[in-house]
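Participant: Below is a structure I'd like to ask you about.
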Amino acid sequence: MGLGKGCYGCSMTGVRRAIAFNKDAVIVFHSPYACGQIMREKESNAYNHRYEISDDETPLVTSDILDKDAIFGAQDKLAVCLEEVIKVYNPKYIVVANSCVAGVIGDDVEAICQSVQARTNTPILCVPCFGFMNGGYEEGLYQAGKLLIDRFVHPSEEREKKITLVGIVDPYKTTEHIFTQDILEQLGFEVACIFPGRTTVEEMEAIGKSQALLMCARFNFVHAPYVKLGKYLSEKTKLPIIDYKSDPVGYVSTLEWIEDLAKKLSVSKERTDAVLNSMKERFTQIIAKYKPRLAGKKVVIYVLRIPQIDIKLDWFLEILNLVGIETLGYVIDQRIDSEASKKFIEDLDLGLPVLSEDALNEADLVYTISMAKYRNMDHIPVPFATSPFGYVGLAVFYEKCYRKLMKFEHRGRE
Amino acid sequence: MKTIDKLDCRVDYCGLSGATAFLVALEGAKIIINGSRYCYFWSRQFLDKCYKKELEKSVFCSALNENSIVFGTEPLVKRALKQLLKGGEPQLLAVINNCTASLIGDDLHGIAQEVSCPVIFSDIGGIQGDFIEGYQKMAEAYLDSITQEKLAPEPMTVNLLGANKAYHNAEYDVPEIIQLLERFGVKINCALGYDFTAEEAKSLARAQLNIVLHEELGLGIAQKLENELHIPYLVAALPYGLEGTEKWLLQVLKALHVDLEQEVKTYFAKEKAELSYLNARLEKAHGELWFDQICINARTSVAQGLADALRKELVNYGEMVLNIYGEKQVKNPCDFEKSGDLLLLGSSLDYRHFVVAKARFAFIGISYPNNDDVSFGPYMGVAGARHLLEKLWAAKLSLKHRGK
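So this is what it looks like as structure tokens:
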């Protein structure tokens, strides 16, 4: 589209992501009401493949700024909206996200929030961003999380055998959360809460008693604000942040990840070994289940678009090798600049050849890099943005490969 | 009584989406949204789904940044125009300001000198109105920008107003209606706002009658055309159900001063007999097609048209509640705690509430966004009546074994 660099997102969406499933809260968008529709639709799309529908979702209300408010301001409208929200929902706190319209009009949103807060005794946290201005999506997310930390999180001398996860939004369908929670429980720890997106006031007030903070969602497009939040939370609570160089994807890196995590949590060697053995057993079972179905299949990696983030795919080759899948090489889409594709292949450093487009028909399966625009194609996207975590993600990925092969077996390929 | 929270506003898409939805239906039109990328991406994503194709070659964005607030938006609009012109000069260019751009208040008319095609400038963001208002405003601006040909009205020729693919199921409903009209000798001159060319839009006067499909969308345009071109218009309840469709068709033919009543009645009698027979067999096997509560959430014309069809001919029920999109509060909540079979006709936003409330319900998607139901056929017209009845029975049977 040639729009050039710059802000893509809206800070209100970032705020919404930060406060997605906090039952105690209400989010108010100081905006035209259609901004609320956009958010609801975005979530409606996400519910089908990423989130589980639950009653934890934080209610979202808009203040309904209209044309005429451009002249007289919409401050009174916001005040009325906040008071109505308190009356109907009785929240423990409110987070106010502002639209670009509020910024251009020049409403003193902070003053209104403080005034209503003083009158009603309900904490009202005003995010200092305005739509696409002041940093957009990532800044909105960070600032919302920072406000929660400033208001509700305190350091503590006491310690509980709990870990606070930073960065996950929905726990039900994310393989990262399912796997991480399982491993932590096996190592003798509970999940204190998921910050900032799924936590109550009580849980936030108790974060200081955690043993450590664990950075999650490490390798996806919007990780930067979570990293900043993790650092800020660590400074406030004096808790260590556990971070890791790569996701636990594939057999080797999963075991290394568990060992590293156990060491950082000072878990005994006996317990760590028990968890590692249990993990090896699970991997063995999964590989035993899928190897008969997948072994001997020939695949190619089709580069449709070069990703905007740096990626490594050593783990991808490993998980294919584990079940005996043979990777023939790359096929590069003709529309990609040859210099750019050459650099991309060099950076991946997998030692695979570049093949002609004929290989797409010869392969049993085609894995594509950056498939979003081309959903019609009967390929499997390489899951580099949301990696298949541990044994959980591995089973999900192998199942996908198996079902695609079954489809071709029953119907053939075009 | 457990209900949807009253502050869960029945929101709708913004005026920008409505204005863009009107223009993407015009062949050869290209649009620059003078606004932030986020507004652009969300309008595009919605319309891409409605039109079942990527509109990146028709809809462009100036991508406002913070500096634009101070220094103005013209350089960014010009940049977008340059990108747009790479695909060739359009037949019509529209520059639509979103909320922020409209507040900045730049005079962008100088842009018109960079192209030879007609240009429309408009302020239509969320603060100026909702989808309906945006659509109407753009339709009026477009009609004002073209010169109508002086034509004599041809008998049995109509324009279709107030239809757009941004309405759920329109891509099946509108062709079904057109097919029905053509079956009885009615010719469609222009489907303004649905799928039309500039030539068709300039020859509106050829029509003997304007048929307004969705009243909230098309009535304003119909009134304008009546004032300016003296084309009479017809607004009737949407053709849902066989009786509803028959009534609608008879009204159209009456407005065209054509007496085909006997042919229409004969045609529909046959269809009704067949559907009645199928329905009776299903009732014998599964009992009455009954719902204890029916909740319909949609825009005005759809909600009222469907309510009529369900009430008069398609199902039996205890209670029915209607909630109209665009109204700011839920006026008629559904009672989730009442026992029995609950049928929801609405969007996925409504669906979510019912799931969270742990209601025992069946769902038929009739409004966007719809991610929780699938439809590959019309709900209006004759084929639509069959399809709708099929969906109602499927809904009923899905509840049969679900337990209390």
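Chains as they are written, first to last, in this note's numbering: chain B, 1 to 414; chain R, 1 to 404.
Cβ coordinates follow ideal geometry from the N, Cα and C atoms, glycine included.
1. Could you round the C-beta distance between Asn164(R) and Tyr142(R) to whole angstroms and report it? I think they count as a contact, below 8 Å.
2. Does the distance from the C-beta atom of Ser298(B) to that of Asp364(B) stay below 7 Å?
3. Determine the direct distance from the alpha carbon of Asp48(R) to that of Leu55(R), and round the result to whole angstroms.
4. Counting C-beta neighbours from all protein chains within 10 Å, is the total for Ser398(R) 16 or more, i.e. buried, or is it exposed?
5. Quick one: complete alpha helix (DSSP H) runs, 4+ long, within the region 317-374 of chain R?
6. In this structure, how does DSSP classify Thr174(B) when only helix, strand and coil are distinguished?
7. So Gly9(B) contacts chain R; which residues on that side make the cut at Cβ distance below 7 Å?
8. Below 8 Å on the Cβ atoms is my contact criterion, and I expect Asp130(R) with Gly326(R) to pass it. Report the Cβ-Cβ distance as a whole number of Å.
9. Please tell me whether Gln223(R) and Ala236(R) are closer than 7 Å, where the distance is taken between their beta carbons.
10. Tell me the rounded alpha-carbon separation between Ile369(B) and His353(R).
11. When you compare each of Leu64(R), Ser58(R), Ala205(R), Arg79(R) to Leu92(R) by their alpha carbons, which one comes out closest?
12. Please confirm if the region 339-352 of chain R is in contact with the region 204-214 of chain R, defined as three or more CB-CB distances below 8 Å between the two stretches.
13. Should the region 17-37 of chain R be called in touch with the region 394-410 of chain B, which here means at least 3 C-beta pairs below 8 Å?
14. In whole angstroms, what separates the C-alpha of Phe291(R) from that of Leu161(R)?
15. Is the CB-CB distance between Pro196(B) and Gly145(B) below 7 Å?
16. Under the DSSP definition of a beta bridge, which residues are partnered with Phe344(B)?
17. Within a Cβ cutoff of 7 Å, which residues of the same chain sit near Glu114(R), ignoring the five residues on either side of it in sequence?
18. In whole angstroms, what separates the C-alpha of Gly140(B) from that of Ala212(B)?
19. Anything in chain R within Cβ reach of Phe72(B), meaning under 9 Å, just list it in chain order.
20. If contact is defined by three or more beta carbon pairs under 8 Å, each pair taking one atom from either stretch, is the region 365-372 of chain R in contact with the region 287-305 of chain R?
21. Check the Cβ of Ile105(B) against every Cβ in chain R and list those closer than 9 Å, keeping chain order.
22. Specify, as a first and last residue, the run of the alpha helix (DSSP H) that Val382(R) falls within.
23. What are the uninterrupted segments assigned as beta strand (DSSP E) that are 3 or more residues long and contained completely in the region 142-174 of chain B, given in chain order?
24. Whose C-alpha, out of Ile301(B), Ile168(B), Lys343(B), Asp64(B), is nearest the C-alpha of Asp310(B)?
25. Just mark Asn121(B) as buried or exposed, buried being the case when its beta carbon has 16 or more other beta carbons within 10 Å.
26. Can you name, in chain order, every residue of its own chain whose Cβ lies under 8 Å from the Cβ of Gly384(R), other than the five neighbours on each side?
27. Which partner residues does Thr327(B) have in the DSSP bridge list?
28. Among residues of its own chain, excluding the 5 on either side of Val396(B), which ones have a beta-carbon nearer than 7 Å to its beta-carbon?
29. Can you give the Cα-Cα distance for Ala359(R) and Ala201(R), rounded to whole angstroms?
30. Which residues does DSSP list as the beta-bridge partners of Val115(R)?
31. On the CB-based measure, 16 or more other CB atoms within 10 Å of its CB, does Tyr277(R) come out buried or exposed?
32. By DSSP, does Leu3(B) sit in helix, in strand, or in coil?
33. Which of helix, strand or coil does DSSP assign to Leu76(R)?
34. Assess, as a yes-or-no matter, whether the region 61-80 of chain B is touched by the region 28-48 of chain B under the definition of 3 or more beta carbon pairs within less than 8 Å.
35. How would you label Ala224(B), buried or exposed, when you count the other beta carbons within 10 angstroms and need 16 or more for buried?
36. I'd like the span of the beta strand (DSSP E) that includes Val61(B), first residue to last.
Facilitator: Checking against the coordinates, here is how it stands:
1. Here residue 164(R) refers to the residue found at position 164 of the second sequence. Here residue 142(R) refers to the residue found at position 142 of the second sequence. Going by Cβ atoms, the distance from Asn164(R) to Tyr142(R) rounds to 13 Å, so no, they are not a contact pair.
2. Indexing the first sequence from 1 puts residue 298(B) at position 298. Indexing the first sequence from 1 puts residue 364(B) at position 364. The sequence given here has Lys at residue 298(B), not Ser. Yes, these two residues count as a Cβ contact at 7 Å.
3. Within the second sequence, the letter at position 55 stands for residue 55(R). Within the second sequence, the letter at position 48 stands for residue 48(R). Taking the straight line from one Cα to the other gives about 6 Å.
4. The residue labelled residue 398(R) in the question sits at position 398 within the second sequence. That one is exposed.
5. Complete alpha helix (DSSP H) runs here, min 4: 348-356.
6. The sequence position of residue 174(B) within the first sequence is 174, counting from 1. DSSP places Thr174(B) in coil when its eight states are reduced to three.
7. The residue you call residue 9(B) lines up with position 9 of the first sequence. Proximity of chain R to Gly9(B) at the Cβ level (cut-off 7 Å) is accounted for by Tyr38, in chain order.
8. In the second sequence, the residue the question calls residue 130(R) occupies position 130. In the second sequence, the residue the question calls residue 326(R) occupies position 326. Right, the Cβ-Cβ distance comes to about 6 Å (below 8 Å), so this counts as a contact.
9. Numbered from its first residue, the second sequence carries residue 223(R) at position 223. Numbered from its first residue, the second sequence carries residue 236(R) at position 236. No, the pair does not count as a contact, with Cβ atoms beyond the cut-off.
10. For this step, residue 369(B) is matched to residue 369 along the first sequence. For this step, residue 353(R) is matched to residue 353 along the second sequence. Approximately 36 Å between the Cα atoms of the pair.
11. Along the second sequence, one-based indexing puts residue 92(R) at 92. Restricting attention to Leu64(R), Ser58(R), Ala205(R), Arg79(R), the CA atom closest to the CA of Leu92(R) is found in Ser58(R).
12. Because the criterion of three Cβ pairs below 8 Å is not met, the region 339-352 of chain R and the region 204-214 of chain R do not touch.
13. Because the criterion of three Cβ pairs below 8 Å is not met, the region 17-37 of chain R and the region 394-410 of chain B do not touch.
14. Walking along the second sequence from the start, residue 291(R) turns up at place 291. Walking along the second sequence from the start, residue 161(R) turns up at place 161. Going by the C-alpha atoms only, they are around 34 Å apart.
15. As a position in the first sequence, residue 196(B) is number 196, starting the count at 1. As a position in the first sequence, residue 145(B) is number 145, starting the count at 1. Against a cut-off of 7 Å, the Cβ pair of Gly145(B) and Pro196(B) comes out as a contact.
16. Numbered from 1 along the first sequence, position 344 holds the residue referred to as residue 344(B). Answer is none; Phe344(B) lacks a bridge partner.
17. In the second sequence, counting from the first residue as 1, residue 114(R) sits at position 114. Within the same chain, Glu114(R) has close Cβ partners Leu81.
18. Taking the first residue of the first sequence as 1, we reach residue 140(B) at position 140. Taking the first residue of the first sequence as 1, we reach residue 212(B) at position 212. Their backbone Cα atoms lie some 25 Å apart in a straight line.
19. Numbered from its first residue, the first sequence carries residue 72(B) at position 72. None at all; the shortest Cβ gap to chain R is about 13 Å.
20. The region 287-305 of chain R vs the region 365-372 of chain R: in contact.
21. The count along the first sequence starts at 1 and reaches residue 105(B) at position 105. Those are Leu103, listed as they occur along chain R.
22. Translated into positions along the second sequence, residue 382(R) becomes position 382. For Val382(R), the enclosing alpha helix (DSSP H) starts and ends at 381-400.
23. Segments of the beta strand (DSSP E) lying fully in the region 142-174 of chain B: 162-166.
24. Residue mapping note: residue 310(B) aligns to position 310 of the first sequence, counting from 1. Considering only alpha carbons, the answer is Lys343(B).
25. The residue labelled residue 121(B) in the question sits at position 121 within the first sequence. With a 10 Å radius around the Cβ and a threshold of 16 neighbouring Cβ atoms, Asn121(B) comes out exposed.
26. As a first step, residue 384(R) must be located in the second sequence, where it is residue number 384. Counting only Cβ-Cβ distances below 8 Å, and skipping sequence neighbours, we find Tyr172, Asp173, Glu176, Pro239, Tyr240, Thr245, Gly377, Pro378.
27. Your numbering for residue 327(B) matches position 327 in the first sequence. Paired residue(s): Val299(B).
28. Counting from 1 along the first sequence, the entry for residue 396(B) is found at position 396. So the list reads Thr175, Pro388, once near-sequence residues are dropped.
29. Counting from one through the second sequence, the residue named residue 359(R) turns up at place 359. Counting from one through the second sequence, the residue named residue 201(R) turns up at place 201. Each residue's Cα considered, the two are about 47 Å apart.
30. Taking the first residue of the second sequence as 1, we reach residue 115(R) at position 115. Looking at the DSSP assignment, Val115(R) forms no beta bridge with any residue, so it has no partner.
31. Counting from one through the second sequence, the residue named residue 277(R) turns up at place 277. By the C-beta density criterion, Tyr277(R) is exposed, having fewer than 16 other C-beta atoms within 10 angstroms.
32. The residue given as residue 3(B) occupies position 3 in the first sequence. In this prediction, Leu3(B) has a pLDDT of 39, which is less than 50 and means its spatial position is unreliable; nothing more can be read from the coordinates.
33. Translated into the one-based positions of the second sequence, residue 76(R) becomes position 76. Judged by DSSP in its simplified three-state form, Leu76(R) adopts helix.
34. Of all C-beta pairs linking the region 28-48 of chain B to the region 61-80 of chain B, three or more are shorter than 8 Å, placing the two stretches in contact.
35. The residue you call residue 224(B) lines up with position 224 of the first sequence. So Ala224(B) ends up on the exposed side.
36. Within the first sequence, the letter at position 61 stands for residue 61(B). 60-62 is the span of the beta strand (DSSP E), which, as asked, contains Val61(B).
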